[in-house]
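Written out below as structure tokens is the structure these notes cover.
Residue numbers (UniProt numbering): 1 to 164.
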């Protein structure tokens with residue numbers, strides 16, 4: 001068994017096909033570190049909901065559809081996150097009086113306190129990630145956004161058909 005710190009697929013002839021796996025490993029590593037930072041400050045919201053909480057802290061009240069659009073989440077994902085955050089007593093969700101299908105979301109007092117803590121933590125996380133970008137000589141956020149936009153313009157199946 002090789003002792004390399006790189007996974008098998010990294011050196012494989014199929015290396016590029018494992019982009020999602022590598023991106024997933026990066027996501028997991030950053031989320032694990034982020035969870036530790038949040039927990040150390042007493043934040044109960046899951047690390048995956050920080051963008052949700054920070055968006056809401058700057059744009060409340062917000063409707064579910066507005067949150068989905070701003071965060072590029074599906075309506076179903078926003079609804080499931082709201083359920084979790086309501087159980088943690090971080091947000092409240094009420095139906096709009098004019099249109100009962102629309103849900104207005106606001107932070108609770110506890111949610112506002114946690115959002116403030118998250119903002120402080122993520123200020124330093126952003127600095128650390130920017131330092132990482134400088135160290136590797138590339139802004140990975142820009143590269144990932146470009147990759148997403150390019151794949152949205154031409155999907156993998158479309159690319160495969162074009163390359164045949």
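From the three backbone atoms N, C-alpha and C, an ideal C-beta is built for every residue, glycine too. What you are looking at is a predicted structure, and each value in this text was computed from that prediction instead of being measured.
Residue 94 and residue 104 look like a contact to me (Cβ under 8 Å); what is the Cβ gap, rounded to whole Å? Right, their Cβ atoms sit about 5 Å apart.
Is the stretch 60-76 close to the stretch 119-132, with three or more CB pairs under 8 Å? The stretch 60-76 is not in contact with the stretch 119-132.
Where the alpha helix (DSSP H) containing residue 27 begins and where it ends: Residue range 19-40 is occupied by the alpha helix (DSSP H) that includes residue 27.
Starting from the N-terminal side, write out each stretch of the alpha helix (DSSP H) that is 4 residues or longer and does not extend beyond the UniProt domain "HTH marR-type" (36-141). The UniProt domain "HTH marR-type" (36-141) contains these whole alpha helix (DSSP H) runs: 50-58, 64-71, 75-87, 109-136.
Span separating the alpha-carbon of residue 96 from that of residue 134: CA-to-CA, the gap between residue 96 and residue 134 works out to about 46 Å.
Take every Cβ of the stretch 42-51, pair it with every Cβ of the stretch 82-91, and state whether three or more of those distances are shorter than 8 Å. Result yes; three or more Cβ-Cβ pairs closer than 8 Å.
Considering only C-alpha positions, which residue in the set 129, 58, 15 is nearest to residue 27? The shortest C-alpha separation from residue 27 is found at 129.
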